[in-house]
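Structure first, commentary second.
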Amino acid sequence: MSDLVFSGVQPSAASVHIGNYLGAMKWFVKLQEQFPLMVCVVDFHALTSVDKRGELRSFSQSLAATYLALGLTKDSTILFRQSDIPEVCELTWYLACQFPLGLLERATAFKDKREKQEQVNSGLLFYPILMAADILLYKATKVPVGADQKQHIEMTREVSEKFNYRFGTTFPQPEPLIDKKTGIIPGLDGRKMSKSYDNFIGLFETEKVIESKVKKIVTDSKGVDESKDPETCNVFSLYNHFATEDEISELRESYLKGGLGYGTAKMELFRVIMRELSPIREKYTYYMSRPREVETILEQGAEKARIIALKTMKEVKEAIGI
Ligand code: AMP
Ligand code: TRP
Numbered sequence: 000m001s002d003l004v005f006s007g008v009q010p011s012a013a014s015v016h017i018g019n020y021l022g023a024m025k026w027f028v029k030l031q032e033q034f035p036l037m038v039c040v041v042d043f044h045a046l047t048s049v050d051k052r053g054e055l056r057s058f059s060q061s062l063a064a065t066y067l068a069l070g071l072t073k074d075s076t077i078l079f080r081q082s083d084i085p086e087v088c089e090l091t092w093y094l095a096c097q098f099p100l101g102l103l104e105r106a107t108a109f110k111d112k113r114e115k116q117e118q119v120n121s122g123l124l125f126y127p128i129l130m131a132a133d134i135l136l137y138k139a140t141k142v143p144v145g146a147d148q149k150q151h152i153e154m155t156r157e158v159s160e161k162f163n164y165r166f167g168t169t170f171p172q173p174e175p176l177i178d179k180k181t182g183i184i185p186g187l188d189g190r191k192m193s194k195s196y197d198n199f200i201g202l203f204e205t206e207k208v209i210e211s212k213v214k215k216i217v218t219d220s221k222g223v224d225e226s227k228d229p230e231t232c233n234v235f236s237l238y239n240h241f242a243t244e245d246e247i248s249e250l251r252e253s254y255l256k257g258g259l260g261y262g263t264a265k266m267e268l269f270r271v272i273m274r275e276l277s278p279i280r281e282k283y284t285y286y287m288s289r290p291r292e293v294e295t296i297l298e299q300g301a302e303k304a305r306i307i308a309l310k311t312m313k314e315v316k317e318a319i320g321i
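Using numbering that gives the first Met the number 0, you'd call the opening residue of the sequence shown number 0 and step up by one each time.
Here's what the structure looks like:
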């Protein structure tokens, strides 16, 4: 079977952050040159956390504009919105009936959320099954994601196996593509960058806000003259992702030698971040001012996705005997 690559990001905020960008989205653009690629705005998933009327629609539009600004093209990639193909919910049910409840309750993302939130909706429990349905509905074989999603892909493999065992081989065994270098991008406080920790730098926040966030990155308290350890420093760790090889080795030397304060290193980080993001930010503004154009691209993507989805659903129902 030839490879199909599938991934998705939740439209759960006004702007994606550098963790999403480096951990997953930047990679999609390279992958579209090598494989057939489907990229999804997973708005059903985001419904587990977005609860204001109208927000989901505007966040989805912003995320689609982000994908286009990053360089996904409608000719190389099927870019679409999850809710345009509601069959994914039907498949979620068929898969849920094959999957043990205990495994869902033990999922790390679910446990984390249950600890943090007072009210946990059942959508959060079903989240991995809906994700498995996303992947299996299109029979994707490779799934590029950040390291935090590894367990969800393992669950997808498991439910695929269970379904195939019971009803005959219908689905592939998708494998995660996780980049070792960008597996987990640290946030301002050194923990994983995340919307829920409020330690993120948004791709489309104002330049002023990005600068002030970079200045807030937590470091140790070593003085200007002291030698510093680049390997344990959050500023340096982010710098690695935006600077050239030469720039990285130059900054590493300055850290080790001493004589460079964290303030200066942060301004250097800010410079390279803006250098990379500026063209993307410009394109994003372009697409955000053309909502009709973005909507048309999503609709065309949905048309192509629907053809694959309906074919799979026909096979699934025949296999189950429904
Ligand atoms: P989400 O916004 O949770 O839908 O995440 C979208 C994608 O970004 C997923 O593939 C995540 O694994 C990835 N991602 C989110 N946060 C980070 C991070 N701090 N480091 C690396 N990847 C991340
Ligand atoms: N759960 C993923 C995240 O939070 C988003 C997602 C939903 C996804 N469906 C997917 C990622 C299918 C890859 C493939 O990041």
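Heads up, the beta-carbon is just placed ideally off N, CA and C, and yes, glycines get one too.
### Query
Got a sec, what are the start and stop residues for the alpha helix (DSSP H) C88 sits in?
Residue 88 sits at position 89 when you count from the first residue of the sequence shown. Note, C88: alpha helix (DSSP H), 86–95.
### Message
F109 and L90 - do their beta-carbons sit closer together than 8 Å?
### Response
Reading the sequence shown from its first residue, position 91 is the one you call residue 90. Reading the sequence shown from its first residue, position 110 is the one you call residue 109. Cβ atoms of L90 and F109: not closer than 8 Å.
### Message
Please report the straight-line C-alpha distance between N19 and V315, rounded to a whole angstrom.
### Response
Counted from its first residue, the sequence shown places residue 19 at position 20. Counted from its first residue, the sequence shown places residue 315 at position 316. Approximately 33 Å, taken between the alpha carbons.
### Query
What are the partner residues of T76, as DSSP defines its beta bridges?
The residue given as residue 76 occupies position 77 in the sequence shown. Answer is L36.
### Query
Which partner residues of H16 appear in the DSSP bridge assignment?
In the sequence shown, the residue the question calls residue 16 occupies position 17. DSSP, once it has assigned bridges, lists G201 as partnering H16.
### V217 in three-state terms, based on DSSP
The sequence position of residue 217 within the sequence shown is 218, counting from 1. Coil at V217, not helix or strand.
### Query
Which residues mark the beginning and the end of the beta strand (DSSP E) in which V4 is found?
For this step, residue 4 is matched to residue 5 along the sequence shown. Segment 4–8, the beta strand (DSSP E) holding V4.
### Message
Looking at the ligand PLP, does it come within less than 7 Å of H16, judged from the CB to the closest heavy atom?
### Response
You won't find the ligand PLP in this model; what it holds is the ligand AMP and the ligand TRP.
### Message
Are the CB atoms of T243 and C232 within a distance shorter than 8 Å?
### Response
Within the sequence shown, the letter at position 233 stands for residue 232. Within the sequence shown, the letter at position 244 stands for residue 243. No.
### Query
Got a sec, what are the start and stop residues for the alpha helix (DSSP H) V271 sits in?
On the sequence shown, residue 271 is found 272 positions in, with the first residue counted as 1. Unbroken alpha helix (DSSP H) run through V271: 261–287.
### Query
Whole alpha helix (DSSP H) runs in the region 119–175 with 4 or more residues, listed along the chain?
121–136, 149–166
### Message
Please tell me whether F203 and M192 are closer than 8 Å, where the distance is taken between their beta carbons.
### Response
On the sequence shown, position 204 is the one that residue 203 refers to. On the sequence shown, position 193 is the one that residue 192 refers to. Cβ atoms of F203 and M192: not closer than 8 Å.
### Task
Identify, in the order they occur along the chain, each residue of the same chain with its Cβ nearer than 8 Å to the Cβ of S57, setting aside the five sequence neighbours on each side.
Numbered from 1 along the sequence shown, position 58 holds the residue referred to as residue 57. If we look at S57 and ignore the five residues flanking it on each side, its Cβ neighbours are A13.
### Query
Which whole-angstrom value is the C-beta distance of V144 and I152, which I expect to be below 8 Å?
For the purposes of this step, residue 144 is taken as residue 145 along the sequence shown, with counting starting at 1. For the purposes of this step, residue 152 is taken as residue 153 along the sequence shown, with counting starting at 1. With a Cβ gap of about 7 Å, V144 and I152 count as contacting.
### Task
Mark P290 as exposed unless 16 or more other C-beta atoms lie within 10 angstroms of its C-beta, in which case mark it buried.
In the sequence shown, counting from the first residue as 1, residue 290 sits at position 291. Under this definition P290 is an exposed residue.
#### Entry: Counterpart residues of P185 in DSSP-defined beta bridges
Residue numbering aside, residue 185 sits at position 186 when the sequence shown is read from its first letter. K191, per the DSSP bridge assignment.
### Query
Are the region 28–43 and the region 209–225 touching, with three or more C-beta to C-beta distances below 8 Å?
no
### Query
Just the residues with CB closer than 5 Å to a heavy atom of the ligand AMP, in chain order, which are they?
V8, Q9, G18, N19, G22, A23, V144, G145, D147, Q148, I183, I184, K191, M192
### Task
In the DSSP assignment, find the alpha helix (DSSP H) that holds E294 and state where it starts and stops.
In the sequence shown, counting from the first residue as 1, residue 294 sits at position 295. From DSSP, the alpha helix (DSSP H) with E294 extends over 290–319.
### Query
By Cβ distance, which residues of its chain are closer than 8 Å to L309, with the 5 residues on each side in sequence left out?
Position 310 of the sequence shown, counted from the first residue, corresponds to residue 309. Counting only Cβ-Cβ distances below 8 Å, and skipping sequence neighbours, we find E86.
### Whether T140 touches P175 by CB criterion (8 Å)
Against the sequence shown, residue 140 aligns to sequence position 141. Against the sequence shown, residue 175 aligns to sequence position 176. Not in contact: T140 and P175 (Cβ atoms no closer than 8 Å).
### Task
Assign Y164 to one of two classes, buried (16 or more other C-beta atoms within 10 Å of its C-beta) or exposed (fewer than that).
In the sequence shown, the residue the question calls residue 164 occupies position 165. With fewer than 16 Cβ atoms within 10 Å of its Cβ, Y164 is classed as exposed.
### Query
In or out: V142 buried (at least 16 other Cβ within 10 Å) or exposed?
Position 143 of the sequence shown, counted from the first residue, corresponds to residue 142. Label assigned to V142: buried.
### Query
Is the CB-CB distance between L78 and L71 below 8 Å?
Taking the sequence shown and counting its residues from 1, the one referred to as residue 78 is at position 79. Taking the sequence shown and counting its residues from 1, the one referred to as residue 71 is at position 72. Yes, the Cβ-Cβ distance between L78 and L71 is below 8 Å.
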